[in-house]
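Each residue of the sequence shown is one higher than the one before, counting from 235 in the working numbering.
Everything on this sheet refers to the single structure shown next.
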Amino acid sequence: MSKDDVRIIHKTREDYNRIARYFSETRKHAWPEFKYFSSFVKDGQNILDWGCGNGRLVFCLEGKDAKYFGIDQSAELIKIAKKKFAPEVKNGTAKFFCTGSKDKKFPADFFDLVFIIAALFHLPSHDSRLALLQKIYKEMKTGGKLVVMVWNLASDWAKVKAKKDWKKIGDNDFLIPWKNPEGELLAERYYHHFTPDELKQLLLEAGFKVKTMKHMKNGTWTDDKGGQNLIAVAVK
Numbered sequence: 235m236s237k238d239d240v241r242i243i244h245k246t247r248e249d250y251n252r253i254a255r256y257f258s259e260t261r262k263h264a265w266p267e268f269k270y271f272s273s274f275v276k277d278g279q280n281i282l283d284w285g286c287g288n289g290r291l292v293f294c295l296e297g298k299d300a301k302y303f304g305i306d307q308s309a310e311l312i313k314i315a316k317k318k319f320a321p322e323v324k325n326g327t328a329k330f331f332c333t334g335s336k337d338k339k340f341p342a343d344f345f346d347l348v349f350i351i352a353a354l355f356h357l358p359s360h361d362s363r364l365a366l367l368q369k370i371y372k373e374m375k376t377g378g379k380l381v382v383m384v385w386n387l388a389s390d391w392a393k394v395k396a397k398k399d400w401k402k403i404g405d406n407d408f409l410i411p412w413k414n415p416e417g418e419l420l421a422e423r424y425y426h427h428f429t430p431d432e433l434k435q436l437l438l439e440a441g442f443k444v445k446t447m448k449h450m451k452n453g454t455w456t457d458d459k460g461g462q463n464l465i466a467v468a469v470k
């Protein structure tokens, strides 16, 4: 990994540690997309939530006998997740790991289902994204499913935001501000804009078979202009 990659990844960790309390407050509840995510959850599964934040994807396990593993490089968000889902941690349904100082390795052929929700776009290069997906591929069971959601930064919604206060630092790379309720700038987080073709090719290069590549807004499939999120479903 290049020095620039490491710098941006460390910056992202520091950004999320700084804004963790505010960030978690904006993500208390499940998004409309979570209904779709829940459809993949089955009894008996081992589930990875990469970039889990405050762990709210645990909501998708309601009523299911599955094991959840959440990892995030922000120690502050992991603290919040462990507190928020203390009952699930206590009964062994959910486990959270901070990868800020050391990566978390899982056995090969371990996961039935992996989510990377609003997180892959924080990795700063093709090599860093590919390395992650190849690692996850090894840790998944044959036939396991990977669900990826990234912001669609080419949507009409994003274009309005970009004109307001986003900083473009490359052809498809942005720094997006986070302000506290008082309007104070606390962080400028790195985001990469994935086109559907780029995300598909990345998944294929990692070894996956791509089954779905669609745009969604508020839980409903739509076109690229209206879809705030791009969702990919892939299979090992």
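Where is the CB? At the ideal position from N, CA and C, for every residue including glycine.
Everything numeric in this text was worked out from a predicted model, so none of it was measured.
- Straight-line measurement puts the Cα of D306 at about 9 angstroms from the Cα of G289.
- Counting along the chain, P321 sits inside no beta strand (DSSP E); it lies in the alpha helix (DSSP H) bounded by residues A320 to K324.
- Residue state for H449 is assigned as strand, using DSSP reduced to three classes.
- Secondary structure note for V394: its alpha helix (DSSP H) is the uninterrupted segment D390 to D399.
- Here D283 is not near Y270, since their CB atoms are 8 angstroms or more apart.
- Exposure of I403 is indicated by the presence of fewer than 16 other C-beta atoms within 10 angstroms of its C-beta.
- In this structure, the straight-line span from the alpha carbon of P266 to that of Q435 is close to 27 angstroms.
- Separation of L437 and D399 (C-alpha to C-alpha, rounded to the nearest whole angstrom) is 31 angstroms.
- Under the 8 angstroms Cβ criterion, the segment 462 to 470 counts as touching the segment 445 to 454, having at least three qualifying pairs.
- With a cutoff of 8 angstroms on beta-carbon distance, A300 and I312 are scored as not near each other.
- In the three-state DSSP reduction, L464 falls in the strand class (E or B).
- Inclusion of F345 and G377 in the CB contact set at 8 angstroms is not warranted, their separation being larger than that value.
- Within the segment 279 to 350, the complete beta strand (DSSP E) runs of at least 3 residues fall at 280 to 284, 301 to 306 and 328 to 332.
- Here the C-alpha atom of L291 lies approximately 22 angstroms from the C-alpha atom of K470.
- Per DSSP, I242 has no beta-bridge partner at all.
- The continuous alpha helix (DSSP H) containing R363 extends over residues H360 to E373.
- In the structure shown, F271 falls within a helical segment according to DSSP collapsed to helix, strand and coil.
- V382 places its beta carbon less than 8 angstroms from that of L354.
- When secondary structure is reduced to three states using DSSP, A254 falls in the helix class.
- A Cβ-Cβ distance of about 6 angstroms is found for the pair A440 and L364, placing them in contact under the 8 angstroms criterion.
- In the structure shown, L438 adopts helical secondary structure according to DSSP, grouped into three states.
- In summary, H427 is buried, with 16 or more beta-carbon neighbours lying within 10 Å of its beta-carbon over all protein chains present.
- The closest CA to that of G278, considering only L295, S389, G453 and K369, is found on L295.
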